[in-house]
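In my numbering, the protein residues as written are 19 to 493. Below is one structure, written out as structure tokens, with a few remarks after it.
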Amino acid sequence: MTTETRHGKLSRMVLKAMGIFGGVQMLTILCGIVRTKLIAVWIGAAGVGLFSIYNGAIELVSSLTQFGLRNSSVRDISASRDSSRLGAIVKAVRRLGWIFGLLGAVVMLGAAPFLSRKTFGDDGHTWCFAVLAVSVFLASLTAGEMAVMQGLERLKALAKASLWGVVAGFVVSVPVIYVWRLGSVVPAVVAYSVVTTVAAYIYRVRGVESRQPMTAVETWNIGRGFVILGAFMVASDFITQLVSYIFTAWLNITAGDTEVGYYRSGFTVVNRYVGMVFAAISMEYYPRLASVVASRQRLSLFVGHEMTLVLWILLPLVSVFIACAPLIVTILYTPDFVVTVPFMVLAMAGTVWRGISWCMAFVILAKGDGRTYIITESVSCAFSLVLNIVGYKLWGLAGLGAAYLLWYLVYTVIVGIVYRRYGLWLPRRVVVLAAIVTAWSAIIATAALMLPWWVPAVGAVVSTVAAGVWLKRNF
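Right, dumping it as structure tokens:
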């Protein structure tokens, strides 16, 4: 099999995974939008608020007590080549899912009075938070099963479990909301958790887990590595959220809540919706990297291939998004939000750097280098905060877009240094392609801000045609 044939086969596999998991994420978002709409109609703003509060509490406790099990354990599962070792790891992951789930449930039960008083000002919702301990427990079980499926690259099973969990959870929770109205919030949340866990267990991987007895000490010895890595990942995520909160608070004090609303709306569109592409691809990319982490040559080739594919995907995506930014804002929000267009245009141009850095940053996780991971993320967050404050003071919302672009440029340099220190490299053709796509995105962004609408529109068409030709040649 020639190198070109292997690359084509790998590209098809990556795009297939992106299509499957991108579709699952789109369906998840759609079900969430419809459910929120029904809650608003049947219960009102109070119902929407309660759902947000309770789900936020579940996510907070789960993130603190699961120690990143969902993502960190994927590396060990993928990297294992010995069947007996693999079986022991799978057993340890599932057992830790139970242990962390019980820990999370106990924490939620213990924190219920505190959460009720701090959130609602009284003890009236203590039992509601206490019941949500069930959801925290089930979330940990689901995380363990999902990690096993991803680590073993059972992507079809993972997609089906995610898909049916979302659909069945939606179908089950809607009648509960309709019948019980305001009293349905907690039962609906718990019912959704139960259904998603059932879906994960229906499609769980069987026949791999070790049948040998495993003591608590053995479980810890096997799981210690990915638990520590997960702890670094949780700490990094906390730092990211903290820095985001600090800047949002600063912006609110400096410019008011309206400006915060404009910024967050634009940031959500750029970061969340475009982020779906990266999240979908990572389902296949992360375990594949972890499986070859011992070979610098294969690791470098996989990163180079992934970066090439990501750049060709981003080329039309970024160009079309920039050209259609005013229309997108009007559809998703209202015409008043067009003031966010300069931010979105510049930030989307920075998405190219985000894609480049994303491909290299996964190597840090694949190697299980938690200390380097938290250092790079912390330094990146510090730059982000400084750039955001300076950018807003200089140019307002447009300055925040420029800050987003510069932030990912700096982050690319940071992870690039780490990447080279690992002894890895990028093919020259990938570096040239990255330079071309970056320059082209900058040209489209400049045209969108300074020239008539049809100029960036033509650029978007050219980008789409070029990407289409490349895809046709390589598939």
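Idealized CB from N, CA, C, for every residue including glycine.
Three or more C-beta pairs below 8 Å linking the region 158-174 and the region 215-222: As far as the Cβ criterion goes, the region 158-174 touches the region 215-222, which means the pair count is three or higher.
Option in Gly-243, Met-325, Val-154 with minimal Cα separation from Ala-453: Looking at the Cα atoms, Met-325 is the closest of the given residues.
Own chain, CB closer than 8 Å to Thr-46, minus 5 neighbours either side, in chain order: Hits under 8 Å: Ser-180, Val-184.
Beta-carbon contacts of Thr-144 that lie in its chain and below 6 Å, excluding the five residues immediately before and after: Within the same chain, Ala-130, Pro-131, Ser-134 come within 6 Å of Thr-144 by CB-CB distance, once the 5 residues on both sides are set aside.
Burial state of Arg-491 (16 or more Cβ within 10 Å): Label assigned to Arg-491: exposed.
7 Å Cβ cutoff met for Arg-88 and Ala-308: Contact flag unset, no.
Identity of the residue in Ala-75, Thr-258, Ala-420, Ala-475 nearest Leu-405 by Cα: That would be Ala-420, whose Cα lies nearest to the Cα of Leu-405.
Whole runs of the alpha helix (DSSP H) within the region 130-186, excluding any shorter than 4 residues: If we require 4 residues or more, the alpha helix (DSSP H) runs fully inside the region 130-186 come out as 144-149, 151-169.
Boundaries of the alpha helix (DSSP H) in which Ala-400 is found, first to last residue: Per DSSP, the continuous alpha helix (DSSP H) segment holding Ala-400 begins and ends at 388-439.
Expected contact under 8 Å - CB spacing of Met-294 and Gln-84 to nearest Å: Met-294 to Gln-84, Cβ: 22 Å. No contact.
Closest Cα partner of Val-223 within the set Arg-112, Ser-300, Ser-313: Val-223 has its Cα closest to that of Arg-112, out of Arg-112, Ser-300, Ser-313.
Val-495 and Ser-81 closer than 7 Å at C-beta: Any question about residue 495 goes unanswered here, given that the chain covers just 19 to 493.
Coil, strand or helix - Asp-354 by DSSP: In the structure shown, Asp-354 falls within a helical segment according to DSSP collapsed to helix, strand and coil.
Endpoints, the alpha helix (DSSP H) within which Val-94 is located: Note that residue 94 corresponds to Asp in the displayed sequence, not to Val. Per DSSP, the continuous alpha helix (DSSP H) segment holding Asp-94 begins and ends at 87-97.
Arg-224, DSSP secondary structure in three states: Looking at Arg-224 - three-state DSSP - the assignment turns out to be coil, as it is neither helix nor strand.
Host alpha helix (DSSP H) of Leu-442 (start-end): Looking at the DSSP string, Leu-442 is not in any alpha helix (DSSP H), and its letter there is neither H nor E.
CB contact flag (Ala-35, Leu-173, <7 Å): Yes.
Touch test, the region 379-396 against the region 434-446, Cβ-Cβ under 8 Å, three pairs minimum: Counting C-beta pairs with one atom in each stretch, the region 379-396 and the region 434-446 have three or more that are closer than 8 Å, which means they touch.
Contact check, Thr-358 vs Ser-459, beta carbons under 7 Å: For Thr-358 and Ser-459, no; Cβs fall outside 7 Å.
Beta-carbon proximity list for Gly-119, same chain, < 6 Å, skipping 5 on both sides: For Gly-119, where only same-chain residues beyond five positions count, the Cβ hits under 6 Å are Phe-155, Ser-158, Leu-159.
Sufficient close CB pairs (3 or more, under 8 Å) joining the region 233-253 to the region 372-379: Counting Cβ pairs under 8 Å, fewer than three are found: no touch.
As assigned by DSSP and simplified to three states, the class of Ser-300: Ser-300: helix per DSSP, three-state reduction.
CB of Val-79 within 7 Å of CB of Met-31, strictly: When the beta-carbon positions are compared, Val-79 and Met-31 stay at least 7 Å from each other.
Beta-carbon separation (whole angstroms), Phe-69 vs Ile-51, contact threshold 8 Å: Rounded to whole angstroms, the Cβ separation of Phe-69 and Ile-51 is 13 Å, and the two are not in contact under 8 Å.
Assigned secondary structure, Cys-49 (DSSP; H/G/I helix, E/B strand, else coil): Note: Cys-49 maps to helix in three-state DSSP.
Residues of its chain near Thr-266, where Cβ-Cβ distance is below 7 Å and the 5 sequence neighbours each way are ignored: Val-278, listed in sequence order.
Gly-477: first and last residue of the uninterrupted alpha helix (DSSP H) it sits in: Note, Gly-477: alpha helix (DSSP H), 472-492.
N-terminal and C-terminal residue of the alpha helix (DSSP H) that Leu-467 is part of: Following the DSSP letters along the chain, one finds Leu-467 inside the alpha helix (DSSP H) bounded by residues 446-468.
Range of the contiguous alpha helix (DSSP H) that encloses Asn-239: For Asn-239, the enclosing alpha helix (DSSP H) stretches over residues 234-273.
Own chain, CB closer than 7 Å to Pro-474, minus 5 neighbours either side, in chain order: Hits under 7 Å: Ile-340, Ala-341, Ile-462, Ala-465, Ala-466.
Separation of Arg-242 from Ala-123, as counted between CA atoms: Their backbone Cα atoms lie some 21 Å apart in a straight line.
Start-end ranges of the alpha helix (DSSP H) lying completely within the region 301-384, minimum 4 residues: The qualifying runs are 314-341, 343-350, 359-384.
Alpha-carbon spacing of Asp-255 relative to Cys-146, whole angstroms: If you take the alpha carbons of Asp-255 and Cys-146, they lie about 27 Å apart.
CA nearest to the CA of Ile-346, picked from Tyr-291, Lys-136, Leu-489, Gln-259: Nearest C-alpha to Ile-346: Tyr-291.
Of the listed residues Trp-413, Val-449, Arg-447, Ala-400, nearest to Tyr-426 (C-alpha basis): Of Trp-413, Val-449, Arg-447, Ala-400, the residue nearest in Cα terms is Ala-400.
CA-to-CA distance, Val-208 to Leu-121, given in whole angstroms: Looking at the two C-alpha atoms, the distance is approximately 18 Å.
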